[in-house]
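Novice:
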Amino acid sequence: MNAKQQVEERVAFIRRAVEQAGAKGIVYGNSGGKDSALVGILCKMACDNCLGVIMPCQSTRNFGEDMVDGRAVAQQFGIETLVVDLSPVKEAMLGQLEGVQTLADMAKANINPRLRMATLYAIAQSRGCLVAGTGNRSEGYMGYFTKWGDGAYDLNPIADLTVTEIYQLLAFLNAPENIIKKAPSAGLFEGQTDEKEMGISYAAIDRYLLTGEGSVEDIAKIERAHRASQHKRTQPLVFKGDEP
9 MNAKQQVEER VAFIRRAVEQ AGAKGIVYGN SGGKDSALVG ILCKMACDNC
59 LGVIMPCQST RNFGEDMVDG RAVAQQFGIE TLVVDLSPVK EAMLGQLEGV
109 QTLADMAKAN INPRLRMATL YAIAQSRGCL VAGTGNRSEG YMGYFTKWGD
159 GAYDLNPIAD LTVTEIYQLL AFLNAPENII KKAPSAGLFE GQTDEKEMGI
209 SYAAIDRYLL TGEGSVEDIA KIERAHRASQ HKRTQPLVFK GDEP
């Protein structure tokens, strides 16, 4: 990978997106993780009006290391930051749903990214800005994102990058060391990590995506997840009167 060229091309992409939309800047979710760090850095390089929104929601990790790491990236790269605590919003929502519908555990967990999506769009619309997505290729292929949550955005400058490549660009850009070393986690619930939840390592996913190689077991697991999550990567079905 030519890191310098990759950074320059992605910065140019962001600038074009902002200009073509007639937008005033970029808003993105600053989770304190690798993906949001890279997106924030690239967006700030492309557009001085770049706002990162830290949105803790119940998880202790959200209020601890994630917030510390998110602020560290913002401080190093001069990114404006807001903090919006979504815990009481989620609690209120769950309170309204109690007695109406019993929710599955993952349905409850997925409320977090959907509340974050609504928050980012409310802020972005108020500021005349675009919302930048922070999902990578590895997660996209596995379907490891929330439909209409972190899967909703106006532009995504890293969607084609595997996790391996994300780390390479973060190292090139001299991102805080802790961002590179910490175990990736969506922070949806206590003790959650991406690899534990998916049941496979990013190294195995990236090996398959980049080379087509891997163990029979890993490839089967990856392709099974890809098939099951296809609905997340396609537009909603709509009725067309001319169809048979």
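In this text, residue positions in the sequence shown follow the working numbering: the first is 9, and each later residue adds one.
Yeah, the Cβ is synthetic: ideal placement off N, Cα and C, and Gly gets one too.
Quick one: complete alpha helix (DSSP H) runs, 4+ long, within the segment 16-103?
Specialist: Entirely contained in the segment 16-103, the alpha helix (DSSP H) runs reaching 4 residues are, in chain order, 42-54, 68-71, 73-85.
Novice: Where does Val224 sit, in a helix, a strand or coil, going by DSSP?
Specialist: The residue labelled residue 224 in the question sits at position 216 within the sequence shown. Residue state, collapsed to three classes: helix.
Novice: Compute the distance between the beta-carbons of Gly278 and Val92, then report whether it is under 8 angstroms.
Specialist: No information on residue 278 is available, as it lies outside the stretch 9 to 252 that the chain covers here.
Novice: For Lys32, count neighbouring Cβ atoms within 10 angstroms of its own Cβ and tell me buried if that reaches 16, exposed if not.
Specialist: Numbered from 1 along the sequence shown, position 24 holds the residue referred to as residue 32. Flag for Lys32 reads exposed.
Novice: What first and last residue would you give for the alpha helix (DSSP H) that runs through Leu138?
Specialist: Here residue 138 corresponds to residue number 130 of the sequence shown, with the count starting at 1. No alpha helix (DSSP H) holds Leu138; the beta strand (DSSP E) holding it covers 138-140.
Novice: With a threshold of 16 other CB atoms inside 10 Å of the CB of Thr127, please say whether the residue is buried or exposed.
Specialist: Walking along the sequence shown from the start, residue 127 turns up at place 119. Under this definition Thr127 is a buried residue.
Novice: For Thr242, is the classification buried or exposed, using 16 other Cβ atoms within 10 angstroms of its Cβ as the cut-off for buried?
Specialist: Indexing the sequence shown from 1 puts residue 242 at position 234. Thr242 is exposed by the Cβ-count criterion.
Novice: Does Met114 get closer than 8 angstroms to chain C when you measure Cβ to Cβ?
Specialist: Annotation note: the requested chain C is absent from the structure, which comprises a single protein chain.
Novice: In this structure, how does DSSP classify Gly163 when only helix, strand and coil are distinguished?
Specialist: For the purposes of this step, residue 163 is taken as residue 155 along the sequence shown, with counting starting at 1. Before going further, note that residue 163 is Leu rather than Gly in the sequence given. Note: Leu163 maps to strand in three-state DSSP.
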